[in-house]
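Basically this note's numbering = 1-based index in the sequence shown + 2. Note that beta-carbon positions come from the ideal geometry of N, C-alpha and C, so glycine has one too. All values derive from a computational prediction rather than experimental measurement.
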Amino acid sequence: MLASENRLKGEENFEKVKNEGELFQSENFAVAFSKRDDNQKSRFGFIVSKKISKLSTLRNRIERALAEAIRHRLNEIKEGYDVVFLAKKNIARRTTDEIMKEVEIFLRSSPITK
Numbered sequence: 003m004l005a006s007e008n009r010l011k012g013e014e015n016f017e018k019v020k021n022e023g024e025l026f027q028s029e030n031f032a033v034a035f036s037k038r039d040d041n042q043k044s045r046f047g048f049i050v051s052k053k054i055s056k057l058s059t060l061r062n063r064i065e066r067a068l069a070e071a072i073r074h075r076l077n078e079i080k081e082g083y084d085v086v087f088l089a090k091k092n093i094a095r096r097t098t099d100e101i102m103k104e105v106e107i108f109l110r111s112s113p114i115t116k
């Protein structure tokens with residue numbers, strides 16, 4: 003589970019990242035990220051809407067897979083970023099391992115990693 007200090011909280015923070023941040027598109031998710039003006043730990047948020055699935059268990063599985071992939075790579079991520087993962091419909095048909103591998107591919111090519 004991702005630590006509380008690494009969780010992005012508050013609707014205004016999510017909106018700020020989505021509106022002002024850079025956007026990266028993947029097959030199964032989009033990632034919006036923005037640099038903060040501090041050197042605190044990077045924070046991550048996950049949006050998996052009911053458009054993805056009406057089943058809360060499936061939405062929660064997707065969110066847990068995204069968070070777990072980030073948790074495994076926290077030591078490689080630079081400080082001072084806010085990051086929001088926005089799930090796409092295709093992600094519902096992916097296994098947890100496939101989701102985690104896709105997040106790792108994003109992290110390798112993104113400017114938020116060391």
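Distance check for residue j and residue i, CA to CA, integer angstroms please.
i: residue 37; j: residue 8; result: 14 Å
i: residue 103; j: residue 71; result: 8 Å
i: residue 31; j: residue 89; result: 4 Å
i: residue 63; j: residue 73; result: 15 Å
i: residue 97; j: residue 60; result: 11 Å
Here's the rule I'm using: 16 or more other beta-carbon atoms within 10 Å means buried, otherwise exposed. How should residue i be labelled?
i: residue 79; result: buried
i: residue 44; result: buried
i: residue 5; result: exposed
i: residue 68; result: buried
i: residue 107; result: exposed
Whole-angstrom Cβ separation of residue i and residue j, contact assumed at under 8 Å?
i: residue 54; j: residue 91; result: 6 Å
i: residue 26; j: residue 112; result: 6 Å
i: residue 50; j: residue 65; result: 5 Å
Have a look at the DSSP bridge pairing and note the partners of residue i.
i: residue 37; result: 83
For the pair the region 38–45 and the region 79–94, tell me if three or more CB-CB distances fall below 8 Å. Three or more beta-carbon pairs separated by less than 8 Å link the region 38–45 to the region 79–94, which places the two stretches in contact.
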